[in-house]
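Structure record follows, encoded as structure tokens.
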Amino acid sequence: MLVKGQVPHQESIVSIGLVLPVDKQTSIEIRDSVTNKDNRIETNEENLYKNGEIVPHIKFAPSTHHPIYSINPIRAGRGFHWEKQISITVEGNLEIKNQDGFLFVINHIPLEKYLACVATSEMSSECPPAFLESQTIAARSWLLAAAEQKHADLEIDACNDDCCQRYQGIENLSNSAIHAIEKTRGHVLIHNENICDTRYSKSCGGISENNENVWHDKPKPYLRAVLDEKDTNIPNLKSESDLKKWMNELPKSYCGPEFIPEKDLNNYLGNVDKSGNYFRWNVSFSQEDITKLISEKTGKTFDSILSLQPLERGISGRIIKIQIDGMENGKATHVILKSEYEIRRVLHPNFLFSSAFIIAANSTPNSPPSRFTFKGAGWGLGVGLCQIGALGMALKGHTTANILAHYFQSTELRKIYS
Ligand SMILES: [Zn+2]
Ligand SMILES: [Zn+2]
Numbered sequence: 056m057l058v059k060g061q062v063p064h065q066e067s068i069v070s071i072g073l074v075l076p077v078d079k080q081t082s083i084e085i086r087d088s089v090t091n092k093d094n095r096i097e098t099n100e101e102n103l104y105k106n107g108e109i110v111p112h113i114k115f116a117p118s119t120h121h122p123i124y125s126i127n128p129i130r131a132g133r134g135f136h137w138e139k140q141i142s143i144t145v146e147g148n149l150e151i152k153n154q155d156g157f158l159f160v161i162n163h164i165p166l167e168k169y170l171a172c173v174a175t176s177e178m179s180s181e182c183p184p185a186f187l188e189s190q191t192i193a194a195r196s197w198l199l200a201a202a203e204q205k206h207a208d209l210e211i212d213a214c215n216d217d218c219c220q221r222y223q224g225i226e227n228l229s230n231s232a233i234h235a236i237e238k239t240r241g242h243v244l245i246h247n248e249n250i251c252d253t254r255y256s257k258s259c260g261g262i263s264e265n266n267e268n269v270w271h272d273k274p275k276p277y278l279r280a281v282l283d284e285k286d287t288n289i290p291n292l293k294s295e296s297d298l299k300k301w302m303n304e305l306p307k308s309y310c311g312p313e314f315i316p317e318k319d320l321n322n323y324l325g326n327v328d329k330s331g332n333y334f335r336w337n338v339s340f341s342q343e344d345i346t347k348l349i350s351e352k353t354g355k356t357f358d359s360i361l362s363l364q365p366l367e368r369g370i371s372g373r374i375i376k377i378q379i380d381g382m383e384n385g386k387a388t389h390v391i392l393k394s395e396y397e398i399r400r401v402l403h404p405n406f407l408f409s410s411a412f413i414i415a416a417n418s419t420p421n422s423p424p425s426r427f428t429f430k431g432a433g434w435g436l437g438v439g440l441c442q443i444g445a446l447g448m449a450l451k452g453h454t455t456a457n458i459l460a461h462y463f464q465s466t467e468l469r470k471i472y473s
């Protein structure tokens, strides 16, 4: 595993979880390209089986330079609205364990090979080189900074999915992607002699957000809110009327339709992303539906929802704290959601695109609102690099250095190994 706070001077081997114990998966097919053999791996509470035979632990590490495995199925988009079962092809070594009766599949792979796959899993390999290079430098820095290590208990550096960075194997690799990786080999962003914890998400919606407003952690100087256009003055979105104006105005953002028409966006998105309008979106619920939804997600038993009141917003308009007022068994009650993640989890059957939204309620005298409509901006938590914005900048001829300096201010681009 990578060690937090260390700047490596050579390429690392990273451990990526492809199937996690939390997936509760008990069987998988693995085709070994060296032997051309299909293997069926199964598990139950007692044992791990390879092609019907009990084995303690499985390692696929043939003595060849290019071991390739096709693996089916793998979960992509765990818990999000775009969740799918996919099959993937990976290089490197594979390790398979029985963890409490479920499969745990780990891919040990040289960092640069992993990054090539991340670049073309996060977005399509049709993206211009400056985008692929920026994305790769952000992905490399994030992994090497090891600031998150969400799966440290499993002793892996990251999982294969959106919770860490999207890794879907070598299938989407193109020459342009490989070239982008080679060109940026060993490059990371540095602040104060440390590798930066460079976050990114799909679309900021016009303004990115300060890291502490999303994770309640210490402010990081290179994860500040940025207006996603040439102009650098961030409008004040503290009042609901300013926000309404901003939502309806369609600012000239790099991630907006002025830079990338919606009809062209699909060509650039990763292959598990649904098409849709991410820069500005609408979600609407009837009184009955929102009552059922919020009850299910919070574990309360609301009879009706009376209002949704944002209590605190970040610079980008993202709601950080919201109060939900309603009736429960005939009595007035409320719940407060205290994070961007909770807000997105509770206020959508799957997961809301972002927490940057305004709320309109159809009021009817003496009864709860018949409908709640959210008008929102962006897709994702909105901290750090805006992927669709970086794409917009690259399409307009901005360089990799320009793009990284725009989203990650006060950083230095440095090559730490060759
Ligand atoms: Zn993860
Ligand atoms: Zn943006």
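Position in the sequence shown (first residue = 1) + 55 = the working numbering.
From the three backbone atoms N, C-alpha and C, an ideal C-beta is built for every residue, glycine too.
Values in this document were obtained by computation on a predicted structure and should not be read as measured data.
| request: State the DSSP-derived secondary structure class of D216, mapped to helix, strand or coil. | output: coil
| Whose beta carbon lies closer than 5 Å to any heavy atom of ligand 2, going through the chain in order? | C259, D283, C310, C441, G444
| query | What's the call for N417, buried or exposed, on a 16-neighbour Cβ count within 10 Å? | reply | exposed
| Beta-carbon separation of T175 and N215 under 7 Å? | no
| field | CB of C172 within 7 Å of CB of Y222, strictly | value | yes
| task | Determine the direct distance from the alpha carbon of N148 to that of G60, and round the result to whole angstroms. | result | 26 Å
| I262 and L170: beta carbons closer than 7 Å? | no
| query | Hey, is C218 close to ligand 4, as in C-beta under 6 Å from one of its heavy atoms? | reply | In the structure shown, ligand 4 is absent; the only ligands present are ligand 1 and ligand 2.
| query | Based on the DSSP output, what are the partners of I126 in its beta bridges? | reply | I85, I143
| Would a C-beta distance cut-off of 7 Å place N162 and L103 closer than the cut-off? | no
| Buried or exposed by the 16-neighbour rule on C-beta atoms within 10 Å, applied to Q442 | buried
| said: Are there any heavy atoms of ligand 1 lying less than 6 Å away from the beta-carbon of C172, as far as the coordinates show? | reply: no
| Counting pairs of beta carbons, one from the stretch 455 to 464 and one from the stretch 182 to 191, are three or more of them closer than 8 Å? | yes
| field | Close beta carbons around I391, own chain, < 8 Å, minus the five adjacent residues each side | value | L366, K376, I377, Q378, I379
| For C251, is the beta carbon positioned less than 6 Å from some heavy atom of ligand 1? | no
| query | How close, in whole Å, do the beta carbons of V145 and I126 come, if the pair is a contact with beta carbons under 8 Å? | reply | 7 Å
| message | Bridge partners for G72 per DSSP, in chain order? | response | I161, C214
| task | Specify the secondary structure class of N321 as computed by DSSP and reduced to three states. | result | coil
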